[in-house]
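First the structure, in the form of structure tokens, and then the observations on it.
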Amino acid sequence: MMCPAYQGQIMKMKKWKLLDFNSIDRQRFCLKTLKAKSYRCSDVYCMIKRLLLSLNASPCCKDFMSRTAYDLAPDRDSRNVFRRYMAEYPDQFDYSKSHIPSPLTDEIEQDSVEKKRIARKIKREKDKEKKKVEEVIQKEKNEKVMFLKLSDREKMALAAERRILAASGNAGVILTRCFQCAIDMSGKLPFTYNEYRFCSMQCLKQHRLTHPTLEI
Numbered sequence: 001m002m003c004p005a006y007q008g009q010i011m012k013m014k015k016w017k018l019l020d021f022n023s024i025d026r027q028r029f030c031l032k033t034l035k036a037k038s039y040r041c042s043d044v045y046c047m048i049k050r051l052l053l054s055l056n057a058s059p060c061c062k063d064f065m066s067r068t069a070y071d072l073a074p075d076r077d078s079r080n081v082f083r084r085y086m087a088e089y090p091d092q093f094d095y096s097k098s099h100i101p102s103p104l105t106d107e108i109e110q111d112s113v114e115k116k117r118i119a120r121k122i123k124r125e126k127d128k129e130k131k132k133v134e135e136v137i138q139k140e141k142n143e144k145v146m147f148l149k150l151s152d153r154e155k156m157a158l159a160a161e162r163r164i165l166a167a168s169g170n171a172g173v174i175l176t177r178c179f180q181c182a183i184d185m186s187g188k189l190p191f192t193y194n195e196y197r198f199c200s201m202q203c204l205k206q207h208r209l210t211h212p213t214l215e216i
């Protein structure tokens, strides 16, 4: 005989159209009757499934598309209700027919969370390293483009600067500065127009704005 309290809850769920009693077999309620799409609150959905499982409702029943209640669960929290129940009561049903993949305990869940955390950390480190490599490659491409735009005289002057820097062994030697902001540009590819050399396109544009009469 069903507990009146449970029976009252079931009747309410039927009244609210959260259940479809198309598969009542005496004291067994088929979990395929759960209408997953009817639930907007995951907590409510989990509570109802837990209640039905306590009434010995079978999670192994399937609908006309061979879907079980586990298949119809709308989110991970809902599906985990079945997995936790499977862990607590491993012998109650033949879970191999329920499509429930495996039992779930706090230890298993914590282990899964830790593995995902480590995987995310490794992925972040790989992405960071990949970004560094891509930046180096892009910088090299940009320098090649800038170098090809230089005149032969500017290319020779740049090569001479780099030879002087390499021979001096002194990182403090300044051979050339940006015409606009005066930053050290020794050995670096310049942005140029006419005879003027700049550390960035922004400095070049500012210089042209302040010297509109200069010819290119």
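Heads up, the sequence shown is in the UniProt record's numbering, so the first residue is 1 and it goes up one at a time. Here a beta-carbon is modelled for each residue, glycine too, at the ideal position from N, C-alpha and C. These numbers come from a predicted model, not from an experiment.
- Here Ser98 is buried. Its C-beta has 16 or more other C-beta atoms within 10 Å.
- The segment 115-127 makes no contact with the segment 88-97: fewer than 3 CB pairs, one atom from each, lie closer than 8 Å.
- Of the residues assessed, Phe198 falls on the buried side of the cut-off, its CB having 16 or more other CB atoms within 10 angstroms.
- Take the alpha-carbon of Ile100 and the one of Ser112: they are about 17 Å apart.
- For Ile164 and Met156, the gap between their C-alpha atoms comes out near 12 Å.
- Around the Cβ of Gln180, a 10 Å sphere holds 16 or more other Cβ atoms; the residue is buried.
- Counting along the chain, Tyr85 sits inside the alpha helix (DSSP H) bounded by residues 76-88.
- With fewer than 16 other Cβ atoms inside 10 Å of its own Cβ, Val145 counts as exposed.
- Using a Cβ distance threshold of 8 Å, Arg83 and Pro103 count as a contacting pair.
- In this structure Leu150 touches Leu158 by the C-beta definition: roughly 7 Å separates them, less than 8 Å.
- In the displayed model, Ser66 falls within coil according to three-state DSSP, outside both helix and strand.
- The three-state reading of DSSP puts Asp91 in coil, since its state is none of H, G, I, E or B.
- Around Arg79, the same chain offers Tyr70, Ala73 as residues with beta carbons nearer than 7 Å, after the five sequence neighbours per side are excluded.
- When only Cα atoms are considered, Val81 and Thr105 end up about 11 Å apart.
- In this structure, the straight-line span from the alpha carbon of Glu107 to that of Met86 is close to 15 Å.
- In this structure, the alpha-carbon of Ser58 lies about 28 Å from that of Gln110.
- Distance from the Cα of Ser96 is smallest, within the candidate group Val136, Arg67, Lys128, Cys60, for Cys60.
- Note that the C-beta distance between Ser186 and Glu154 is not below 8 Å.
- Under the DSSP definition of a beta bridge, Thr192 partners with Arg197.
- If the five residues before and after Lys188 are omitted, its C-beta is found closer than 8 Å to the C-beta atoms of Cys199, all from its own chain and listed in chain order.
- In the displayed model, Ser58 falls within a strand according to three-state DSSP.
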